[in-house]
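S.K.: In my numbering, the protein residues as written are 740 to 1048. I am attaching a structure below and will ask some questions about it afterwards.
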């Protein structure tokens, strides 16, 4: 019965899988936001409206107030526990969907889908964060706690993947390619070279399976799965001789624009973001850093070395 269900799911079209994966990812993120909100309520002794408890006014003396506070904390911790349970279930579903996409989609399509979903989830998270910050601030005001106007709670602070400090404008497709980061490897547009790379990958995979055969529980099953993935990718390359031709063109356009405008690409100091800077600005920043920190560059004794040699 499970195999029949797996076959049914694997036959679902790419847009449906993408929509389901996006929905689960957003739901997962909202649960994490809920956990953060409830933890803040427990930490500061706040009472969210969704856990409002009606009690008799005559019973509101010190002892009952303490009991009420304890009850709120218990209920909040229970909500946190239930949220973690839901996240665990969603994570299993996401993993199952990812496995289906990994076997049925090409690596390029899969990467594009994940990047698209990541940006959508990040956008929704930022909106949710603003709502939660406002709720926490209002609850603190109700409890007469000191609240700073600048005080905010960043649930997740994701930096943009590309920081462009130049006056050169890159189009959306170019920025999308740059946002994949330094480690993204563009496959060759030549199908023959791409097939050779797959063959090398097959040999390396077999070598790894042989090396760790003692600790891998089911090497034959894993070997069969790797074989199917490589086979399907090889067939896709043969049917589409230039799978990444568009990326190849984009890369040439980016290189030309960088060369013509004397732009430097470097990694951010405080994150893994890619920074685009004018060479002159980059050199000035380095000189400014050296001057502010009293750093003196050591002179290389090339002249004296040549004389001695």
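The beta-carbon is built from N, C-alpha and C at its ideal position, and this holds for glycine as well. None of the values given here were measured: they were computed from a predicted structure.
#1: Between the Cα of residue 1002 and those of 1020, 988, 987, 986, spot the shortest distance and give me the residue it belongs to.
#2: Residues in the same chain with beta-carbon distance under 7 Å from residue 773, minus the five sequence neighbours each way, listed in chain order, please.
#3: Let me confirm a value: residue 809 is counted as buried when at least 16 other C-beta atoms fall within 10 Å, else exposed. Which label applies?
#4: Does the count of Cβ pairs from the region 865-883 and the region 961-968 closer than 8 Å reach three?
#5: For residue 952, which residues of its own chain have a beta-carbon under 8 Å away from its beta-carbon, when the five flanking residues on both sides are left out?
#6: Verify whether the separation of the beta carbon atoms of residue 989 and residue 913 is less than 9 Å.
#7: When the Cβ atoms of the region 901-911 are set against those of the region 833-842, are three or more pairs found closer than 8 Å?
#8: Ordered along the chain, which non-local residues of its own chain (more than five positions away) have a Cβ less than 7 Å from that of residue 859?
#9: Give me the Cα-Cα distance between residue 799 and residue 811, rounded to the nearest whole angstrom.
#10: For the 8 Å Cβ check, are there 3 or more pairs between the region 873-884 and the region 780-788?
#11: Residues in the same chain with beta-carbon distance under 7 Å from residue 756, minus the five sequence neighbours each way, listed in chain order, please.
#12: Quick one: Cα of residue 818 to Cα of residue 873, how far?
#13: Straight-line CA distance for residue 1014 to residue 920?
#14: Mapping the DSSP letters down to three states, classify residue 942 as helix, strand or coil.
#15: I want to check one thing, is the minimum distance from the CB of residue 997 to the heavy atoms of the ligand MG below 8 Å?
#16: Using three-state DSSP, classify residue 924 as helix, strand or coil.
#17: Closer than 8 Å by C-beta to residue 796: which residues in its own chain qualify, once you throw out the five before and the five after it? Chain order, please.
#18: Once DSSP output is grouped into helix, strand and coil, what is the label at residue 916?
#19: Span of the alpha helix (DSSP H) holding residue 1030?
M.R.: Taking the definition as stated:
#1: Along the chain shown, read from residue 1 onward, the residue named residue 1002 stands at position 263. Closest by alpha carbon: 1020.
#2: In the chain shown, counting from the first residue as 1, residue 773 sits at position 34. For residue 773, where only same-chain residues beyond five positions count, the Cβ hits under 7 Å are 822.
#3: Counted from its first residue, the chain shown places residue 809 at position 70. Label assigned to residue 809: exposed.
#4: no
#5: Walking along the chain shown from the start, residue 952 turns up at place 213. Closer than 8 Å at the Cβ level, and outside the excluded window around residue 952, lie 958.
#6: Your numbering for residue 989 matches position 250 in the chain shown. Your numbering for residue 913 matches position 174 in the chain shown. For residue 989 and residue 913, yes; Cβs fall inside 9 Å.
#7: no
#8: As a first step, residue 859 must be located in the chain shown, where it is residue number 120. Closer than 7 Å at the Cβ level, and outside the excluded window around residue 859, lie 761.
#9: In the chain shown, counting from the first residue as 1, residue 799 sits at position 60. In the chain shown, counting from the first residue as 1, residue 811 sits at position 72. Low local confidence applies: a pLDDT of 48 at residue 799 is under 50, so the model's placement there is unreliable, and no value is given.
#10: yes
#11: If you number the chain shown from 1, residue 756 lands on position 17. Once the five neighbours on either side are set aside, the close Cβ partners of residue 756 are 836, 839, 840.
#12: For the purposes of this step, residue 818 is identified with residue 79 of the chain shown, where counting begins at 1. For the purposes of this step, residue 873 is identified with residue 134 of the chain shown, where counting begins at 1. Approximately 20 Å, taken between the alpha carbons.
#13: Numbered from 1 along the chain shown, position 275 holds the residue referred to as residue 1014. Numbered from 1 along the chain shown, position 181 holds the residue referred to as residue 920. Near 10 Å, if we compare the C-alpha coordinates of residue 920 and residue 1014.
#14: Walking along the chain shown from the start, residue 942 turns up at place 203. Helix at residue 942.
#15: Of ligands this structure carries none, so the ligand MG is not represented either.
#16: Position 185 of the chain shown, counted from the first residue, corresponds to residue 924. Coil at residue 924, not helix or strand.
#17: Locating residue 796 in the chain shown gives position 57, where the first residue counts as 1. Reliability of the predicted coordinates at residue 796 is poor, the pLDDT of 45 falling under 50, and the value obtained from them is presented with this limitation in mind. Correct list: empty, nothing qualifies.
#18: To locate residue 916, count along the chain shown from 1; it is residue 177. Three-state DSSP puts residue 916 in a helix.
#19: By 1-based counting over the chain shown, the position of residue 1030 is 291. Element bounds for residue 1030: 1018-1031.
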